[in-house]
Amino acid sequence: MIAQEQKPMEEILGFLEGKKNVVVLGCGGCATFYHTGDKDAVDEMASKLEHEGKTVTKISMPLGMQACDTEKSGIFLEKKKSAVESCDAILVMSCGDGVQVVTEFVDDEMGLVKHVYPANDAIGLVGGGPKKFKETCQSCGMCELGKTAGICPLTSCGKGLMNGPCGGVRVDNKCEIDPEKDCAWVKIYERMEKLGDLDDFLQMRAPHDWSKCLRPRLFELEEPMSMVDMMGAMMNFNTISGYMAMMFQKKPEEEKSKE
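The opening position of the sequence shown corresponds to residue 1 in the working numbering, with each subsequent residue numbered one higher.
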């Protein structure tokens, strides 16, 4: 699992400045265990944002439904498609991996261009998946995605640059280090252009603060979820209905085939 903690509210409100309609998406994976993306956390975040004058649509993810798995989070996003279409921003209460997966799903599968912001800072990887995963978040402890259109320059850029591409970017927009990979900063530029945020692209970003990345990194929960609570969450109605929705939801191509 990925240990994480919620960002300071001041930073979150900075991301959402000028954004009236906000979708708050939770995570039923690691963020639920660390109380940074479970239903209670989503409710609390929504309440704080509403107190700041925001109109909030909540999307809670039951235990076992991770934001980083589009087969799961995509179902919940599609169910709230009208809210996603009309929102000014999506606040994802997960690690940076979930933020970027949601960004790609909204862009590529829903055909929408939306600001997607992180609510949490990932502290460290504390487990592994059953199959191969592409690294999109190195759990640096100081998430930069809110400044770079939801694309991490630390993991996507071969040199980890924070202020645009290097002089070696290839004519086909490929990375100087690995010609098989796209230049991260070209992708960041293109996404900022779609969002109308090119002025932000020209902003000078401070060097990344690696002070939270000293090894070995330690993380301590004040109130870890007990096994009893975890089993109870797994057996509640929302979880069961969530699994049923995932298992029996008709795919778009199946719907089209019947038309």
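Where is the CB? At the ideal position from N, CA and C, for every residue including glycine. Remember, predicted model here, so these are calculated numbers, not experimental data.
- Message: Tell me which residues share the same chain as Glu109 and place their Cβ nearer than 8 Å to its Cβ, disregarding the 5 neighbours each side in the sequence.
- Response: The residue you call residue 109 lines up with position 109 of the sequence shown. Only Thr70, Gly74 meet the Cβ criterion.
- Please list the segments of the beta strand (DSSP E) lying wholly inside the segment 35-95, counting only runs of 3 or more residues, in order along the chain. 55-59, 89-92
- Output the distance between the C-alpha atoms of Val102 and Ala31, rounded to the nearest integer angstrom. To locate residue 102, count along the sequence shown from 1; it is residue 102. To locate residue 31, count along the sequence shown from 1; it is residue 31. Between Val102 and Ala31, the C-alpha separation is close to 15 Å.
- Taking the Cβ atom as the reference point for each residue, do Thr270 and Val106 lie within a distance shorter than 9 Å? The question about residue 270 has no answer here: the residues shown for the chain are numbered 1 through 259.
- Task: Tell me whether Phe237 sits in a helix, a strand or coil according to DSSP, three-state version.
- Result: Translated into the one-based positions of the sequence shown, residue 237 becomes position 237. Confidence in Phe237 is poor, its pLDDT being 48 and thus under 50, which makes the residue's placement unreliable; the coordinate value appears in the next sentence. Phe237: helix per DSSP, three-state reduction.
- Beta-carbon gap between Ala67 and Gly28 smaller than 9 Å: Locating residue 67 in the sequence shown gives position 67, where the first residue counts as 1. Locating residue 28 in the sequence shown gives position 28, where the first residue counts as 1. Yes. Within cutoff.
- Excluding sequence positions up to five away, which residues of its chain have a Cβ less than 8 Å from the Cβ of Leu77? Within the sequence shown, the letter at position 77 stands for residue 77. Closer than 8 Å at the Cβ level, and outside the excluded window around Leu77, lie Leu25, Ile59, Val84, Val102, Phe105, Val106, Met110.
- Query: Starting from Val24 and walking both ways along the alpha helix (DSSP H), at which residues does that stretch end?
  - Reply: Position 24 of the sequence shown, counted from the first residue, corresponds to residue 24. No alpha helix (DSSP H) contains Val24, which is instead part of the beta strand (DSSP E) from 21-25.
- Reduced DSSP secondary structure (H/G/I, E/B, other) of Ala31: Residue mapping note: residue 31 aligns to position 31 of the sequence shown, counting from 1. Here Ala31 sits in helix by DSSP.
- Query: How would you label His115, buried or exposed, when you count the other beta carbons within 10 angstroms and need 16 or more for buried?
  - Reply: Counted from its first residue, the sequence shown places residue 115 at position 115. Burial call: buried.
- How many Å lie between Ile188 and Gly53 at the Cα? Counted from its first residue, the sequence shown places residue 188 at position 188. Counted from its first residue, the sequence shown places residue 53 at position 53. Spanning the two alpha carbons is a distance of roughly 30 Å.
- Message: Please report the distance separating the alpha-carbon of Lys20 from that of Asp88.
- Response: If you number the sequence shown from 1, residue 20 lands on position 20. If you number the sequence shown from 1, residue 88 lands on position 88. Roughly 6 Å between the two C-alpha positions.
- Query: What three-state label does DSSP hand Ala122 in the structure shown?
  - Reply: Position 122 of the sequence shown, counted from the start, is the residue given in the question as residue 122. Ala122 falls in the strand class under three-state DSSP.
- Which residues mark the beginning and the end of the alpha helix (DSSP H) in which Glu10 is found? Counting from 1 along the sequence shown, the entry for residue 10 is found at position 10. Segment 9-15, the alpha helix (DSSP H) holding Glu10.
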